[in-house]
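If you read the protein sequences in the order shown, they are chains S and Y. So the number in our numbering is just where the residue sits in the first sequence, counting from 1, plus 1226. So the number in our numbering is just where the residue sits in the second sequence, counting from 1, plus 1226. Below you'll find the structure, written out as structure tokens, and then a few comments.
Number of protein chains: 2
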Amino acid sequence: MARVTIIDIARESGKSYTTVSRALSDHPRISLETKVLIRATATRLGYSPNMMAKGLVQRRTQTIGLIATELSNPVRSELIEALRRHVHASGYQLLVSGYQDEDELSSRIRDMAGRQVDGLIIGKITGVVEKKDFWPSLEAALKQDIAVVVFSKATSVRVDCLCIDYTAMARQLTEHFIRKHGFRNIWYLGVDRNTIRQRGYVAAMQAAGLDSAKRLFLLPAQDMQTARNAIGELLRQEGKPQAILCHNDITAIGVMHGLRQCGYRVPEDIAVAGIDNHQISSFFNPALTTAGIAPERVAESMMKLLEARLGHSNQSPAVAVHLPFKTYFRESCGCCCPNDEE
Amino acid sequence: MARVTIIDIARESGKSYTTVSRALSDHPRISLETKVLIRATATRLGYSPNMMAKGLVQRRTQTIGLIATELSNPVRSELIEALRRHVHASGYQLLVSGYQDEDELSSRIRDMAGRQVDGLIIGKITGVVEKKDFWPSLEAALKQDIAVVVFSKATSVRVDCLCIDYTAMARQLTEHFIRKHGFRNIWYLGVDRNTIRQRGYVAAMQAAGLDSAKRLFLLPAQDMQTARNAIGELLRQEGKPQAILCHNDITAIGVMHGLRQCGYRVPEDIAVAGIDNHQISSFFNPALTTAGIAPERVAESMMKLLEARLGHSNQSPAVAVHLPFKTYFRESCGCCCPNDEE
DNA sequence: CTGAAAGCGCTTACAG
DNA sequence: CTGAAAGCGCTTACAG
């Protein structure tokens, strides 16, 4: 009930609470003697500072907010954990928020701003930028001096951006199917329409003079089950492709399972590739061909971007960091070249 | 810079800030007219309430803290996402914290208490309870009226507990190996020593008159890579078992890959089972035999436990909720019974 | 080296 | 139905 406050420590130690406050934050002009005394009584009383009060006056909360989608995707969780480690290492805590619907994003941003987070990481804003309430909420956050970094494709937004070139990943994997394996009937199995990944696929197909429009299919959701169930139906209606590029590893895993259930072998009958390079993709049988960036790298870059803003102002121009990705050719596309070492 | 506060709204709308505060929180004794006026100016000015100030005076922060280990394990992320949804649905936000070392836990608890979380979920405290600083930090949190639920095996702790019977899962899987498949040389591949999972394995082995001590091996870490690399070495040193029960699905996935690399077939040469029943386990080739509880169920129960405490006091006695698990016999143990439906 | 005072942005009795 | 005042627990100029 009765929380221990600096007033209690002041009373116990016979000092003013001003001095207590200073001693606890290791102010240089407090005598060592006093510091020792005060710290001792603080721990004796089981004192822990009220971050609400501290945050109110200091206008800093030592909190980084993360707003992202697909929080249950293992890829996301690898990133979150890496991020959390970096955030902790810098003395912050991570406040995690998610959203399903694009309209939700702006209210999530306002929530975070109200909680006075010092920094804010926003995942994938493609498709959100046109929502009417998005910009005002972002502007409000910026005006409040919150360090913001978005995590998206290159963007003209006036906030720092960590760019991951999914377009190039999709393009490169599609080109690999075409050039290395000579496939021409290559499907793309996406989730949302017109993603940047999809664009890479289309570009590669067009460059090779292949039709992509009729080979582009959309799943209603991006979990494994959905992909598994959908692929059988698709094969029945559309015939058999030579290869399938999937929106991400999770989808690819679902597809591979669905193909096996339909009696097709991967890669002998149909080749498959994913995007993300989640750890698990190399453990599959067959091992999954995919492309991605180590989450550790992403987390590190985000934190670096954030720290550059934190404390400093939002006045300096926004920077865009492009992270190089790597492509992993494994068994599922028909390659067996063991180039899988880190 | 200049944040919009209720003072600004008061000035703009010609009302006192007291009235603004009341109107914004929909106080019954404010006229509808005034409320409409004030809300309009609030949104016009882009106001969002400062939760620090609010939290300071109300002593509630609408935040639930989560402290857990193994945050990058996909199983954990499924749970976190489910939890996050429930937490949001009840009007709270989720503050996520992790710890590697058991000694860290108490300082994480203090952090959370300092942040004035309304509720706190603590993952697996087995092996932590004997740490000297653990109890004081937990007591402090309780005294501060934070609703606490631990997520562990049955415990005598004076906080609510969500119990998951890993011992029974391990026991049941081991018994399955013994009775259904007639295996006698069954290994257990664990991570920490003397976990409750391990205990289930030992019990089943002893009950069948089988030696377990020499068949129990510990991995230095619980990621897939470690398991994959370790299993080869182990086979070379110890010969070939008939079956391996793994600490969790992630370990089992690593093991299956390692076995394949060594030229062994699963389940023909060696049977494998995991624990957790992560979604992905049914997508593997071979599909993984495992046991677990749907994360959605776990999250739901946690939230229920938490909400019963939230607002109410910590005076009523601690309750322990036991969640029933399910066992899934799939291909990796040699069964093919498709009992995998939910 | 230490203290008294103001103030962070809100809510909530207490008056009217 | 509305307002003036106190206070949540801290930090930080301003004085000494």
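Just so it is clear, CB atoms sit at the ideal spot from N, CA and C, and this is done for glycine as well.
query = Quick one: what's got a C-beta closer than 7 angstroms to Ile1235 of chain Y's C-beta in the same chain, skipping five residues either side?
reply = Taken in chain order, the residues that qualify are Val1246, Ile1264, Thr1267, Ala1268, Leu1271, Tyr1273.
request  = Give me the Cα-Cα distance between Ala1394 of chain Y and Ile1422 of chain Y, rounded to the nearest whole angstrom.
outcome  = Looking at the two C-alpha atoms, the distance is approximately 9 angstroms.
ask   = Name the residues in the segment 1336-1353 of chain S whose C-beta lies less than 9 angstroms from a C-beta of chain Y; which are they?
value = Those would be Arg1336, Asp1337, Met1338, Ala1339, Gly1340, Arg1341, Gln1342, in chain order.
CB contact check: Glu1307 of chain S to chain Y, cutoff 8 angstroms = By this cut-off, Glu1307 of chain S is an interface position.
task = Within the same chain, show all residues whose beta-carbon is closer than 6 angstroms to that of Met1227 of chain S, passing over the 5 residues directly before and after it, in chain order.
result = A caution first: Met1227 of chain S carries a pLDDT of 48, below 50, which makes its placement in the model too unreliable to give a value.
request  = Name the two residues that bound the continuous beta strand (DSSP E) containing Tyr1554 of chain Y.
outcome  = For Tyr1554 of chain Y, the enclosing beta strand (DSSP E) starts and ends at 1552-1554.
Nearest neighbour of Gln1448 of chain Y, chosen from Y:Val1481, Y:Ser1438, Y:Gly1465, Y:Met1529 [CA to CA] = Checked all of Y:Val1481, Y:Ser1438, Y:Gly1465, Y:Met1529; the closest Cα to Gln1448 of chain Y is Y:Val1481.
task = Alpha carbon to alpha carbon, how far is Val1524 of chain S from Trp1413 of chain S? Give it in angstroms, no decimals.
result = Cα to Cα, Trp1413 of chain S sits roughly 29 angstroms from Val1524 of chain S.
key: Coarse secondary structure for Gln1284 of chain S, derived from DSSP in three states   = When secondary structure is reduced to three states using DSSP, Gln1284 of chain S falls in the helix class.
task = May I have a chain-ordered list of the beta strand (DSSP E) segments no shorter than 3 residues that lie completely inside the segment 1450-1497 of chain S?
result = Secondary structure remark: continuous beta strand (DSSP E) runs of at least 3 residues inside the segment 1450-1497 of chain S, in chain order: 1469-1472.
inquiry  = Leu1321 of chain Y and Gly1291 of chain Y - do their beta-carbons sit closer together than 8 angstroms?
reply    = Yes, Cβ-Cβ distance for Gly1291 of chain Y and Leu1321 of chain Y is below 8 angstroms.
request  = Report back the beta-carbon spacing between Ala1534 of chain Y and Thr1515 of chain Y to the nearest angstrom; my notes put them in contact at under 8 angstroms.
outcome  = Ala1534 of chain Y to Thr1515 of chain Y, Cβ: 36 angstroms. No contact.
query = Is DSSP giving His1538 of chain Y helix, strand or coil here?
reply = DSSP places His1538 of chain Y in coil when its eight states are reduced to three.
inquiry  = As an exercise, report each continuous beta strand (DSSP E) stretch of at least 3 residues that is fully enclosed by the segment 1499-1537 of chain S, in chain order.
reply    = If only uninterrupted beta strand (DSSP E) runs of at least 3 residues are considered, those enclosed by the segment 1499-1537 of chain S are 1516-1518.
request  = Could you say which of S:Leu1399, S:Arg1336, S:Arg1419 lies nearest to Tyr1554 of chain S if we only look at CA atoms?
outcome  = Nearest neighbour of Tyr1554 of chain S by Cα position, chosen from S:Leu1399, S:Arg1336, S:Arg1419, turns out to be S:Leu1399.
query = Would you say Met1277 of chain Y faces chain S, with C-beta separation under 8 angstroms as the test?
reply = True, the Cβ-Cβ gap to chain S drops below 8 angstroms.
inquiry  = Strictly under 8 angstroms for the Cβ-Cβ distance: is Gln1370 of chain Y near chain S by that measure?
reply    = Taking 8 angstroms as the threshold, the shortest C-beta distance from Gln1370 of chain Y to chain S falls below it.
request  = Following the continuous alpha helix (DSSP H) through Asp1234 of chain S, name the residue where it begins and the one where it ends.
outcome  = Segment 1232-1239, the alpha helix (DSSP H) holding Asp1234 of chain S.
key: the segment 1359-1372 of chain Y / the segment 1323-1336 of chain Y touching (three or more Cβ pairs under 8 angstroms)   = At 8 angstroms Cβ cutoff, the stretches touch.
task = Would you mind listing the beta strand (DSSP E) stretches within the segment 1238-1311 of chain Y that are 3+ residues and don't spill past its ends, in chain order?
result = DSSP runs (the beta strand (DSSP E)) wholly in the segment 1238-1311 of chain Y: 1289-1294.
task = Helix, strand or coil for Gln1448 of chain Y, going by three-state DSSP, please let me know.
result = Assigned with DSSP and collapsed to three states, Gln1448 of chain Y falls in coil, not helix or strand.
key: Contacts of Ile1479 of chain Y in chain S (Cβ-Cβ under 8 angstroms)   = Simply Ile1506, Phe1509.
query = Just how far apart, CA to CA, sit Gly1458 of chain S and Gln1487 of chain S?
reply = When rounded, the distance between both Cα atoms is 8 angstroms.
message = Is there a Cβ of chain Y sitting closer than 8 angstroms to that of Ala1366 of chain S, yes or no?
response = Yes, contact with chain Y.
request  = Determine the contact status of Arg1405 of chain Y and Gly1426 of chain Y, defining contact as a CB-CB distance below 8 angstroms.
outcome  = No. Outside cutoff.
ask   = Would the segment 1433-1440 of chain Y and the segment 1502-1520 of chain Y be scored as touching if the rule is three or more Cβ pairs under 8 angstroms?
value = Contact between the segment 1433-1440 of chain Y and the segment 1502-1520 of chain Y is absent, because fewer than three Cβ pairs lie under 8 angstroms.
inquiry  = Any beta carbon of chain S sitting closer than 8 angstroms to that of Pro1467 of chain Y?
reply    = Residue-level contact by beta carbon fails for Pro1467 of chain Y and chain S, as no gap is shorter than 8 angstroms.
query = Should Ala1520 of chain S and Ser1558 of chain S be called a contact, given that it needs their Cβ atoms to be closer than 8 angstroms?
reply = Not a contact, by the Cβ cut-off of 8 angstroms.
message = So for Gly1408 of chain S, helix, strand or coil by DSSP?
response = Correct three-state label for Gly1408 of chain S: coil.
Residues near His1407 of chain S in its chain [Cβ-Cβ closer than 6 angstroms; skip 5 each side] = Once the five neighbours on either side are set aside, the close Cβ partners of His1407 of chain S are Gly1560.
message = Is there a Cβ of chain Y sitting closer than 8 angstroms to that of Glu1526 of chain S, yes or no?
response = Output row for Glu1526 of chain S: interface = no.
query = How would you write the range of the alpha helix (DSSP H) that Ile1422 of chain Y sits in, first residue to last?
reply = Where Ile1422 of chain Y is concerned, the enclosing alpha helix (DSSP H) stretches over 1422-1433.
task = Assuming Ala1544 of chain Y contacts Asp1386 of chain Y (C-beta within less than 8 angstroms), just tell me the rounded distance between them.
result = Between Asp1386 of chain Y and Ala1544 of chain Y the Cβ distance is about 5 angstroms, and since that is below 8 angstroms, they are a contact.
Rounded separation between Gly1317 of chain Y and Glu1526 of chain Y - CA only = The alpha-carbon atoms of Gly1317 of chain Y and Glu1526 of chain Y are separated by roughly 15 angstroms.
task = Taking only the alpha-carbon atoms, compute the straight-line gap between Pro1550 of chain S and Ser1378 of chain S and give it to the nearest angstrom.
result = Each residue's CA atom was taken as its position, placing Pro1550 of chain S and Ser1378 of chain S some 14 angstroms apart.
request  = Could you give the DSSP three-state label for Ser1378 of chain Y: helix, strand or coil?
outcome  = Note: Ser1378 of chain Y maps to strand in three-state DSSP.
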